[in-house]
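Presented below is the structure to which this report refers.
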Amino acid sequence: MSKTQRLVYLSLFVTLASALGILESALPNPFPLPGVKLGLANIVTLQVLYLYGLKDGLAISLLRVLFTSLFVGTFLSVGFYLSLTGAVFSTLVMAFLFKYVPALSMMGVSIAGAVSHNVGQLLAAAALIQTGYIFYYLPVLLLSGIPTGLATGYVACLSLKHLARKKFF
Amino acid sequence: MEKNRVRIAFCFLVLVSLLGGVLFQLNRPREQEYSGEEFLMDTLVSISTYGTDTTLLRQATAEAFREMRRLADLTDRFTDGNNSGMTSDIVRINAMAGIEPVIVDRDVFRMLQLAKEYYALTDGAFDITIGPVMDLWGFGKPEQTLPAADDLWEALSLVDSNDLILNEKEQSAFLKRKGMSLDLGAVAKGYAVEKAAQILEEAGIERAIINAGGNIRVIGQKAPQQGWQVGIQDPRDPQALVGILSLQNESAVTSGDYQRYKEIAGKRYHHLLSARTGYPVESMMSVTVVTKDSGEADLLSTALFLMEPEQALAYLSQHKNAEAILITAEKQILCTPGLKEKLKLTPGEEYVDEQKVNDKG
Amino acid sequence: MSKRLMTKADTKLLIAVILLSLVAYAAIHYSSLSFPAEGRVLIKAGGEVVQELLLSADRPAQRISVQGKTAPAIIEIEQGRVRVAEAFCPDQICVKQGWIDTPGSSIVCVPNELVIYLPAGTDDGATAVDAITR
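Chains as they are written, first to last, in my numbering: chain A, 1088 to 1256; chain B, 513 to 873; chain C, 1253 to 1386.
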């Protein structure tokens, strides 16, 4: 596909990811624990990483965090930096796994992504707020990455297969 | 195609449960806490309110603080910085001592009435005209000398609540002799806290705690079947508790010899002075009063502190409108029987827990 | 479409994550027993938090100057406890209070509008009180 085509698709992906991020922030969290997110935008990150690789995946992630925070009004807040750290960390982890551990399907990568997103946020929070108490939540965050990872992975997988069938790429 | 159907069904289930979770959370009226803190009446006052309507919580708390600020301005003994241009009623009464009556705010009048009632009830142990003696000791000023006997004698002669004339019709107060002065430290805080609590209750707040530097007033319960847990500070160890009270819709106020003191030549002199000797009362370490009205709790805790332990117990068994925990100078802990349900004692080893109950009914 | 949704590697990862979380849980609960003084101390002046510091058992002693409403105050932190070393207030109540080290306790200097506060930890459920009368 041409550069322009790719640009257009990527723009669509960024918009989609941002929209998912905004939607997620509008919904009350069904899991009332701090730091546990649905991570809907990860659906898009997964797909972009799979289709286009690390560079584009990273770009999408960063832009997504930026746009979502601008829209929701949390730009440059503590939450923003947490999201940023989590997103970058998880994107890097997922890209690494996609490339070097082909034994993992999208589901496994998604789980790893969700878990590393939470861990990244936790580390950032510990650094910013300077407290050891926050690591109290580590077990929960690790475990919660499994169902959220599975859910987003599943959706990403399904929609990719569907799109591949319809020969969008 | 069976697999497809299963897959679709699975997705549907997941979506529905997520949606259900979201809707559930949306509809659940979540309880919020709204707290405020302000420096008033020489202490840190904090009001914490709980409920589902944040606007209501915020408004009620703001109104409660407004009232407390108003009363603080009216009862300040010294006009330094905290008065918003309005001279306090107490300053005016003190300034007009021996000259003429001063018309005062209704709440201030009520406070003075209460103080006079307790003066009578405690046979003069509690006396808010103790101003001249307090000034002599200078709690809050750096002087480090004991008051001279002559000066003390002279100051004591100016202490007599009988010479505080209150005129109900005019709502005025008059100190008959020049040099007399009032100190409302024993009643103003509690009274203000009680008014704040009334404001919260009238606004419809069902659960709240007001903490004015240790003067506690709670509204409602902490949780269904559980009262608010209020600890009683160990008078000799600021980090320990001698007991925990379980309270609902009532106040707990403590007068202690550790709250305000001066160290002169290595000995401690605290601020609860006897109206007879002019010296700090030595028989008690702390008195905690539990009763509904915070103003009464404040008054009573000081009054009981100024009595001998036996006198205090006799008073309590006679008047039954309040419960108390007395900690004597000999480290004895005495409680009134009505506290059995509410109090759990957790004293250190050096305390003697005498459930010395009042037998007289 | 007939491929399994999750590969063997996926399942291994899943199990690894579960194990990791169990290890983390054990680690946290074991360590919080041996480091009880890993709390924080908050210093508020005029209602705003001006400093937030870690209060750990092996931290070297510090002396901090905090600007109060009327005058600066010197606060000392060492080995899991904190106190007001010097303050320019008439009653010196804050200084007389001495050291505090229990979460939930606080030192207040009213003339300077200073509050030094040790936030209560989440594990204190058993003995935490809502307020202390004093």
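For each residue, glycine too, the CB sits at the ideal point set by N, CA and C.
{"Query": "Endpoints, the beta strand (DSSP E) within which R1315(C) is located", "Result": "Q1314 to Q1319"}
{"Query": "Chain C residues whose Cβ lies nearer than 8 Å to that of A1190(A)", "Result": "T1259, K1260 and A1261"}
{"Query": "Listed by chain order, chain C residues near M1226(A) by CB distance under 8 Å", "Result": "Inspection of the sequence shows that residue 1226(A) is occupied by Pro rather than by Met. Chain C residues near P1226(A): S1273, L1274, A1276, Y1277 and I1280."}
{"Query": "Opposing strand residues paired with I559(B) [DSSP bridges]", "Result": "G548(B) and I722(B)"}
{"Query": "R519(B) - DSSP class collapsed to helix/strand/coil", "Result": "helix"}
{"Query": "Top-ranked residue by Cα proximity to F845(B), from G778(B), Y863(B), I677(B) and T564(B)", "Result": "In the sequence as presented, Phe is not what sits at residue 845(B); that position holds Ile. It is Y863(B) whose Cα lies nearest to the Cα of I845(B)."}
{"Query": "Bridge partners - P792(B), DSSP secondary structure assignment", "Result": "L785(B)"}
{"Query": "Min CB distance K734(B) to chain C below 8 Å", "Result": "yes"}
{"Query": "CB contact below 8 Å: W649(B) versus chain C", "Result": "no"}
{"Query": "Within chain B, partners of L1331(C) - CB distance below 9 Å", "Result": "The amino acid occupying residue 1331(C) in the given sequence is Gln; Leu does not appear at that position. Correct list: empty, because the minimum Cβ distance to chain B is about 15 Å."}
{"Query": "Cβ contact (3+ pairs, closer than 8 Å) linking the stretch 767-781 of chain B and the stretch 733-743 of chain B", "Result": "no"}
{"Query": "Cβ-based burial, F524(B) [other Cβ within 10 Å; buried from 16]", "Result": "exposed"}
{"Query": "Within-8 Å CB hit, I1270(C) to chain A", "Result": "yes"}
{"Query": "Sub-8 Å separation of A627(B) and I642(B) beta-carbons", "Result": "no"}
{"Query": "Residues that L1307(C) contacts on chain A, provided the C-beta gap is smaller than 9 Å", "Result": "Those within 9 Å of L1307(C) in chain A number zero; the least Cβ separation is about 10 Å."}
{"Query": "Reduced DSSP category for G650(B) - H, G, I as helix; E, B as strand; rest coil", "Result": "coil"}
{"Query": "Partners in chain A for L1266(C), counting only beta-carbon separations shorter than 7 Å", "Result": "I1198 and I1233"}
{"Query": "Interface flag, G1195(A) vs chain C, CB-CB below 8 Å", "Result": "yes"}
{"Query": "Where F1222(A) meets chain C, residues with beta-carbon distance less than 7 Å", "Result": "I1280"}
{"Query": "Below-8 Å beta-carbon distance, W665(B) vs any chain C residue", "Result": "no"}
{"Query": "Enclosing beta strand (DSSP E) for P476(B) [first to last residue]", "Result": "No answer is possible for residue 476(B): it lies beyond the span of chain B, which begins at 513 and ends at 873."}
{"Query": "Residues that V1381(C) contacts on chain B, provided the C-beta gap is smaller than 8 Å", "Result": "Q741, V742, G743, L753 and I756"}
{"Query": "Span of the alpha helix (DSSP H), counted from its first residue to its last, around D601(B)", "Result": "D601 to A607"}
{"Query": "Alpha-carbon spacing of R879(B) relative to E682(B), whole angstroms", "Result": "No information on residue 879(B) is available, as it lies outside the stretch 513 to 873 that chain B covers here."}
{"Query": "Under 8 Å between C-beta atoms of M819(B) and Y703(B)", "Result": "no"}
{"Query": "Nonlocal neighbours in the same chain, by C-beta distance under 7 Å from A815(B), ignoring five residues either side", "Result": "Y630, T634, A637 and F638"}
{"Query": "Through-space distance from S1203(A) to V1123(A), alpha-carbon basis", "Result": "12 Å"}
{"Query": "Alpha-carbon to alpha-carbon, L1306(C) and C1244(A)", "Result": "45 Å"}
{"Query": "Within-8 Å CB hit, L556(B) to chain C", "Result": "yes"}
{"Query": "Unbroken alpha helix (DSSP H) run spanning S1164(A), endpoints", "Result": "Where S1164(A) is concerned, there is no enclosing alpha helix (DSSP H), given that its DSSP letter is neither H nor E."}
{"Query": "C-beta neighbour in chain B for Q1303(C), strict 8 Å", "Result": "no"}
{"Query": "Cβ-Cβ separation, E579(B) to T564(B) (assumed contact under 8 Å), whole Å", "Result": "The pair is not a contact, with the Cβ atoms about 24 Å apart (cut-off 8 Å)."}
{"Query": "Beta carbon proximity, L1210(A) to chain C, threshold 8 Å", "Result": "no"}
{"Query": "C-alpha gap between L1127(A) and V1242(A), whole angstroms", "Result": "9 Å"}
{"Query": "Between the CA atoms of Q571(B) and S829(B) - distance to the nearest angstrom", "Result": "41 Å"}
{"Query": "For V874(B), the three-state DSSP class (helix, strand or coil)", "Result": "No information on residue 874(B) is available, as it lies outside the stretch 513 to 873 that chain B covers here."}
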